[in-house]
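Beneath this line is the structure, given in structure tokens, with notes to follow.
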């Protein structure tokens, strides 16, 4: 496993594997646009010859920094991700530089400028919109990148880390059907985000499996923020045949649904059961404490940091796309339907 | 204002001011242990001669980084401070390295080790316990430091930034007395923290001014976290003569009090008024939305960043101790007492 002692080149690996040099580069950079069997072959050869990226080996640990880039720092789950990344990076002797790029005009340009000045061992993006400018520039600077929780889709050729959103939507809804609910509302996330779509599909699959109402009138679309949960909750509760339970696609929207119930004089869970998604610290602090689907945000951050550090050292990564498991956490906001 | 063109030394300034060289250094480093009139004189002379710290001028912008160091990354107000620091630093072309030191054994040593490897233009601590090790080492490395929201007291000889805790405790309690409450409970913060003591004193001052009950049985001590607010709330509600309103010294404790009321079958605000402290985003998401005292956390972070960057450039700062104003934010968790 320690190689043959001689320095092997990418060209030699490409020749032996019968693929092009750019293909070997793509495998080394953890890109997704390589066929699985090709990746496997190339990685086996890289390992066999003890290959390490030259540039990366020189760079690794030089900057002693990784960048964690958010669109905005306005969601409580940002802190969970920071915690996960910092924990792994700190232990590896690496500092975590936290930035927000989309709140200000020209902020992305400024961030790239800052990055050029001080260098970085790798970049973790927590944003769906990885602009082509950033993408091209990081490739040019030979800085590895990883994307956490992408909503944009499969066209990214960088490693991505997400959660099992479909399974989470399924388990939230199954919990409600198992309690006896048959009319279950959904406040979904934005339609263009894949994670929203996956949670919606999990919700529908559970309803169909239980023979419960599949009714488009029971689905409202929000933006993951509190106000949209409140509005969606009111709209659902004001239906001629309102639901007895509501699944909200984020915890903050679920808190909005609880407030909507209070405004309509309904008690949670006696008159309305509510399930959230995320398991932010806030969900324990709700009144009543919120039943929710745990998204392992700190673990996702930790894995993103480990993946980035591996790429910075020129080591291969397991797979370019990882989904960590979600888990139902039952607290006090759900019970059997009244009557 | 541009000086006399010749490079003036610290020794010359000290001679002219009739003070020692270390005293001039203390002024330059923003330390608190200098008499106000001495500081004023030294700063006037520094300005008059156009003095800039040599080492700092060379270093400024070299690292392109400031460090923001938390004890733990487990409180939602950490994110508010990160947001404030990042906003100012990012605009100045400086990256914000976020670390947590007290969760792990040896984590402080590791952080200092990381800092030595990669350098930093300045350090902002968000922790009461600035260990002598850190303090001595940063002085040795000539890295300026600023402390946000210190609870330890006035023996710190570095610039500190806090909030007007006494005035905040006063306004929270005045709000309740003005609504007609006369029996007002308090869930206080930890006794050893100055901010807790200041809020407690503000509470007592408002009670006395209004001729309301000053009763030690109405005061419970928590640790700013949810569980202690819940426990303190239950203890107060179970008193033979329970309060009609409770002021909690943090928002997360106030959410615990709301949950305690729900457990006792009481409605907020009809049966019990609740006021928090902090105005975290979470306080808008409570059910009902929380009346609270706004602590300008993002502004405090921004000021800490500006102060750190000024010190890194060898510029004088206004004052070594700043308290930013708190502000009462009235939402739906408070009303007149029943009956």
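Residue numbers (our numbering), protein chains in the order written: chain A, 403 to 741; chain B, 403 to 741.
Even glycine gets a Cβ: it sits at the ideal position worked out from N, Cα and C.
Residue span of the alpha helix (DSSP H) that contains residue i, given as start and end
i             : result
residue 429/B : 423-430
residue 635/A : 628-639
residue 418/A : 412-419
residue 580/B : 567-580
residue 658/A : 653-665
residue 704/B : 699-714
residue 684/A : 683-687
Cβ separation of residue i and residue j, assumed to be a contact under 8 Å, to the nearest whole Å
i             : j             : result
residue 551/B : residue 597/B : 7 Å
residue 572/B : residue 539/B : 40 Å between Cβ atoms; not a contact.
residue 546/A : residue 714/A : 6 Å
residue 699/B : residue 479/B : 5 Å
residue 622/A : residue 567/A : No, residue 622/A and residue 567/A are not in contact; Cβ-Cβ is about 18 Å, not under 8 Å.
residue 522/A : residue 586/A : The pair is not a contact, with the Cβ atoms about 46 Å apart (cut-off 8 Å).
residue 500/A : residue 453/A : At roughly 33 Å, the Cβ-Cβ gap does not stay under 8 Å, so residue 500/A and residue 453/A are not in contact.
residue 636/A : residue 481/B : Not quite, the Cβ-Cβ distance comes to about 28 Å (not below 8 Å), so this is no contact.
Distance CB(residue i)-CB(residue j) smaller than 7 Å
i             : j             : result
residue 580/A : residue 671/A : no
residue 677/A : residue 614/A : no
residue 652/B : residue 679/B : yes
residue 744/A : residue 563/A : In the structure as shown, chain A begins at 403 and stops at 741. Residue 744/A is therefore absent and cannot be evaluated.
residue 738/B : residue 693/B : no
residue 497/A : residue 516/B : yes
residue 520/A : residue 466/B : yes
residue 666/A : residue 639/A : yes
residue 660/A : residue 477/B : no
residue 475/B : residue 502/B : yes
residue 491/A : residue 707/A : yes
residue 578/B : residue 647/B : yes
residue 561/A : residue 709/A : yes
residue 605/B : residue 588/B : yes
residue 370/B : residue 684/A : Here chain B comprises residues numbered 403 to 741, so residue 370/B is not present and cannot be evaluated.
residue 529/A : residue 473/A : yes
residue 576/B : residue 608/B : yes
residue 717/B : residue 701/B : no
residue 565/A : residue 728/A : yes
Buried versus exposed call for residue i [16 or more other C-beta atoms within 10 Å across all chains shown]
i             : result
residue 486/A : buried
residue 422/B : exposed
residue 720/B : exposed
residue 442/A : exposed
residue 674/B : buried
residue 439/B : exposed
residue 570/B : buried
residue 814/B : The structure shown does not extend to residue 814/B, since chain B is modelled only from 403 through 741, so no value can be given for it.
residue 624/B : buried
residue 415/B : buried
residue 488/B : buried
residue 594/B : exposed
residue 535/A : exposed
residue 460/B : Any reading at residue 460/B needs caution, since the residue's pLDDT is 38, under 50, leaving its predicted position unreliable; the model's value is listed next. Exposed, because fewer than 16 other Cβ atoms sit within 10 Å of the Cβ of residue 460/B.
residue 681/A : buried
residue 696/A : buried
residue 703/A : buried
residue 616/B : exposed
residue 610/B : exposed
residue 412/A : buried
residue 437/A : exposed
residue 712/A : buried
residue 457/B : The predicted position of residue 457/B is uncertain, since its pLDDT is 45 and thus under 50; a value taken from the coordinates is nonetheless stated next. So residue 457/B ends up on the exposed side.
residue 705/B : buried
residue 722/B : buried
Enclosing beta strand (DSSP E) for residue i [first to last residue]
i             : result
residue 680/B : 675-680
residue 615/B : No beta strand (DSSP E) contains residue 615/B, which DSSP labels as neither H nor E.
residue 441/A : Note, residue 441/A: premise wrong, no beta strand (DSSP E); alpha helix (DSSP H) at 438-450.
residue 650/B : 647-650
residue 587/B : 586-590
residue 468/B : 467-472
residue 623/A : 621-623
residue 669/B : Looking at the DSSP string, residue 669/B is not in any beta strand (DSSP E), and its letter there is neither H nor E.
residue 730/A : 729-731
residue 724/B : 723-726
residue 696/A : 693-696
Near the ligand PLP: residue i beta-carbon under 6 Å from a heavy atom
i             : result
residue 651/A : For the structure depicted, the ligand PLP is absent and the ligand set is empty, with no information on it obtainable.
### Message
So within the region 486-551 of chain B, which uninterrupted alpha helix (DSSP H) runs reach at least 4 residues, ignoring any that extend past its ends?
### Response
509-520 and 534-542
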